[in-house]
Amino acid sequence: MQDPVPEIGLHVVPRYTAVTVTVPFWLETAMPTTLTLKNIPDQVYERLKAAAEAHRRSLNSEAIVCLETVLTPTRIAPSERLARARELRAGITATFRARDIDALKRQGRP
Numbered sequence: 001m002q003d004p005v006p007e008i009g010l011h012v013v014p015r016y017t018a019v020t021v022t023v024p025f026w027l028e029t030a031m032p033t034t035l036t037l038k039n040i041p042d043q044v045y046e047r048l049k050a051a052a053e054a055h056r057r058s059l060n061s062e063a064i065v066c067l068e069t070v071l072t073p074t075r076i077a078p079s080e081r082l083a084r085a086r087e088l089r090a091g092i093t094a095t096f097r098a099r100d101i102d103a104l105k106r107q108g109r110p
């Protein structure tokens, strides 16, 4: 195994074993923790690598952003959520009755 590349925390491992990416997982209330991902599928690794390049980030930074995006909920104020719902409803001009919805659900079914 080669020495890790410090700026991205990437260990290059021969392909017949695994690809390992060390990812610091930042917690708001604690010191950074190191997370090692093993046996990353080639397709996932290549997509992460391409995304990092497209966003001009290191693999490490891109992995952190991906984890934060999936695991950290976006907090929307109830008033903002309600405003969005009202805006969506205002854009719908048709009225739907329960029987219309049932007919549309059955449409195209055997």
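Residue numbers (full-length UniProt numbering): 1 to 110.
Yeah, the Cβ is synthetic: ideal placement off N, Cα and C, and Gly gets one too.
Values in this document were obtained by computation on a predicted structure and should not be read as measured data.
Residue environment, N39, which counts as buried when at least 16 other CB atoms sit within 10 Å: To locate residue 39, count along the sequence shown from 1; it is residue 39. Answer is exposed; the Cβ neighbour count stays below 16.
Quick check: the Cα distance between S79 and R89, rounded to an integer number of angstroms? Position 79 of the sequence shown, counted from the first residue, corresponds to residue 79. Position 89 of the sequence shown, counted from the first residue, corresponds to residue 89. If I take the Cα positions, the gap works out to 15 angstroms.
Euclidean distance between Cα positions of K105 and T93: Within the sequence shown, the letter at position 105 stands for residue 105. Within the sequence shown, the letter at position 93 stands for residue 93. Taking the straight line from one Cα to the other gives about 20 angstroms.
Might you give, ordered along the chain, the residues of its own chain that have their beta carbon closer than 6 angstroms to the beta carbon of T74, omitting 5 neighbours on each side? Locating residue 74 in the sequence shown gives position 74, counting from the first residue. Closer than 6 angstroms at Cβ, skipping near neighbours: no residue.
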